[in-house]
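Scroll down for the structure; my scribbles are underneath it.
In the numbering used here, the protein residues as written are 34 to 560.
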């Protein structure tokens, strides 16, 4: 048997590994970075069918962006397809990129691990120091709802031809975020600065680490153009056409924030006042009364609660609070105005409205409340009195014996009286029946027994001359119909916000008529 030389045997054993290496390659754009910079990991695979993994994180750090690229390679007449996928992340300490599995033509291959070194400070000659993103807060120990000012500043060389700069807006879990104005841009010492300011409000207590944030800067890089030696093509127009954008990514530092809870039942932090007013103290039955609750002050005004008073035997509709807020004298605050509409058919009391908050200066819980307001309703059902309740209780306790007054003895009727009444009732019944038959033959239907009820409600809706009149007619029904509730919303926007919603009165009139029918009121013919 002929022996295989050792070198040949070694090559035969190595060939599968060489083939694997030819099919899969992994690399990073840099193996040593400054804390806050980004790294791009690129995996390249050759084959007809390539499946790259979906990586959410690398070495425990989230993947910030991905990109794909496909190409065809022809070497010595052999055609092959090459696929590559890039993953960008921002490690904040030394990290090892673990092996990544890639499926190539139904076979699984693994990349080699890669080590990345992360330093705290950039070397003196490093170009990465030219671009930086700084994140800062004005306080590090706060309460839930207490405003914290966040400043994000991007610094980059003024002499670099960056054509686009993007800073990602902060998104911190469990924080409400509000941007303060537009970005401020200025130059200083050969650098450009772009600063954004935000207010954040913690919604839950705890220990938080904010950041890092990320920015991208793009500049054009010229690529080889056709007819490169032709001076005709050597101008700004063609230089722009034959160029690509090269992006530089940079990450900010992180900051720690400690958030203490508010006392139980308290959601506001700052200094506030509350007032409540009504547009009248005397109102007709079935007509709306308008309440306005006004809260103003400094602090997390956007978290002001919505008030929904419980008023017995009344229809209550509470709008969402309308809030105007901003910075004034270095403090965040504003005004919240809420409107409430009440419709009732008997006297009632607008209850006191209570506002509780934690005072920013004293650290104590402050409670402020408005005064209750008594409303007199004219022409409505009288309130149940004590004597009425006693009478009701007696009637519910069982049948009571009725004593006849001896001063007014009962007079028995005679047979002659009863006979006369019988013939009178018979004659009236005959006349009523004849009239009903005549009406049916004449009109094709029996007339409504009364003009009021559902028929009257229908006609009132159809006859409304203004949005205000229509709103007042619909308010008593809004809790019984989603259609009517939606129409009430639109009518209020028309009246108070100068909106131009179109209202279908006929559809609303039919809806009201059906409600009246369900409530036991006889309908009339529709118009």
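Note that the Cβ used here is the ideal one computed from N, Cα and C, for glycine as well. Computed from a prediction, not measured in an experiment: that's the story for all the values here.
How big is the Cα-Cα spacing for residue 192 and residue 221? So the two alpha carbons sit approximately 12 Å from each other.
Nearest chain D C-beta to residue 248 closer than 9 Å, yes or no? Among the chains in the structure shown there is no chain D, since it carries only a single protein chain.
Measure from the alpha carbon of residue 95 to the alpha carbon of each residue in 71, 67, 82, then state which is nearest. Check the Cα spacing between residue 95 and each of 71, 67, 82: the tightest is with 71.
Suppose the cutoff is 8 Å on Cβ atoms and the five residues either side in sequence are ignored; what does the same chain contact list for residue 86 look like? Result list for residue 86: 133, 134, 135, in chain order.
Using DSSP's beta-bridge definition, name the partner residues of residue 367. Beta-bridge pairing links residue 367 to 330, 358.
With DSSP collapsed to three states, give me the class of residue 534. Of the three classes helix, strand and coil, the one that applies to residue 534 here is coil, per DSSP.
Rounded to whole angstroms, what is the Cα-Cα separation between residue 205 and residue 145? Straight-line Cα distance between these residues: approximately 35 Å.
Alpha carbon to alpha carbon, what distance is there between residue 496 and residue 398? Rounded to whole angstroms, residue 398 to residue 496 spans 53 Å at the Cα level.
In the DSSP assignment, find the unbroken beta strand (DSSP E) run with residue 240 in it and report its ends. Element bounds for residue 240: 239-243.
What are the boundary residues of the beta strand (DSSP E) that includes residue 500? Counting along the chain, residue 500 falls outside any beta strand (DSSP E), though it belongs to the alpha helix (DSSP H) covering 500-507.
Is there contact between the region 304-320 and the region 283-295, where contact requires at least three CB pairs shorter than 8 Å? Taking one beta carbon from each stretch, the region 304-320 and the region 283-295 have fewer than 3 pairs nearer than 8 Å; the two do not touch.
Rounded to whole angstroms, what's the CA-CA distance from residue 501 to residue 542? Just pull it up for me. Going by the C-alpha atoms only, they are around 16 Å apart.
Alpha helix (DSSP H) segment containing residue 529, residue limits: In the DSSP assignment, residue 529 falls within the unbroken alpha helix (DSSP H) covering 515-529.
Measure how close the beta-carbons of residue 375 and residue 354 come, nearest whole angstrom, since I'm counting them as under 8 Å. Not confirmed; about 17 Å, so no contact.
DSSP three-state call for residue 391: helix, strand or coil? Reduced to three states, the DSSP call for residue 391 is strand.
Verify whether the separation of the beta carbon atoms of residue 151 and residue 167 is less than 9 Å. It is not a contact, given that the beta carbons lie outside the stated cut-off.
In terms of DSSP beta bridges, what is residue 344 paired with? DSSP output for residue 344 lists no bridge partner at all.
On the DSSP bridge list, what partners appear for residue 551? Beta-bridge annotation (DSSP): residue 551 is not paired with any residue.
Reference residue 129, options 117, 298, 148, closest by Cα: Comparing Cα-Cα distances from residue 129 to each of 117, 298, 148, the minimum goes to 148.
Helix, strand or coil: which one does DSSP assign to residue 134? When DSSP states are grouped into helix, strand and coil, residue 134 belongs to the strand group.
Can you tell me which of the three DSSP states residue 220 falls into? In the structure shown, residue 220 sits in a strand (DSSP, three-state: E or B).
Alpha-carbon spacing of residue 208 relative to residue 131, whole angstroms: The alpha-carbon separation between residue 208 and residue 131 amounts to approximately 33 Å.
Under the three-state DSSP convention, the category residue 198 falls into: Reduced to three states, the DSSP call for residue 198 is strand.
Residue 386 and residue 340 - do their beta-carbons sit closer together than 9 Å? Yes; because the gap between Cβ atoms is below 9 Å, this pair is in contact.
Quickly, what does DSSP pair residue 280 with across the bridge? List them, please. Looking at the DSSP assignment, residue 280 forms a beta bridge with 251.
Going by DSSP, what residue range makes up the beta strand (DSSP E) through residue 306? 301-311 is the span of the beta strand (DSSP E), which, as asked, contains residue 306.
Per DSSP, what are the beta-bridge partners of residue 117 in this structure? The partner list for residue 117 (beta bridge, DSSP) reads 77, 102.
Tell me, please, which residues DSSP counts as bridged to residue 543. None, per the DSSP bridge assignment.
I'd like to know whether the C-beta atoms of residue 170 and residue 243 end up nearer to each other than 9 Å. Going by C-beta atoms, residue 170 is nearer than 9 Å to residue 243.
Determine the contact status of residue 240 and residue 290, defining contact as a CB-CB distance below 9 Å. Against a cut-off of 9 Å, the Cβ pair of residue 290 and residue 240 comes out as a contact.
Return the CA-CA distance between residue 236 and residue 98, expressed in angstroms with no decimal places. In a straight line, the C-alpha of residue 236 is about 29 Å away from that of residue 98.
Just reading off the beta strand (DSSP E) that residue 208 is part of, what are its end residues? Counting along the chain, the unbroken beta strand (DSSP E) around residue 208 starts and ends at 208-212.
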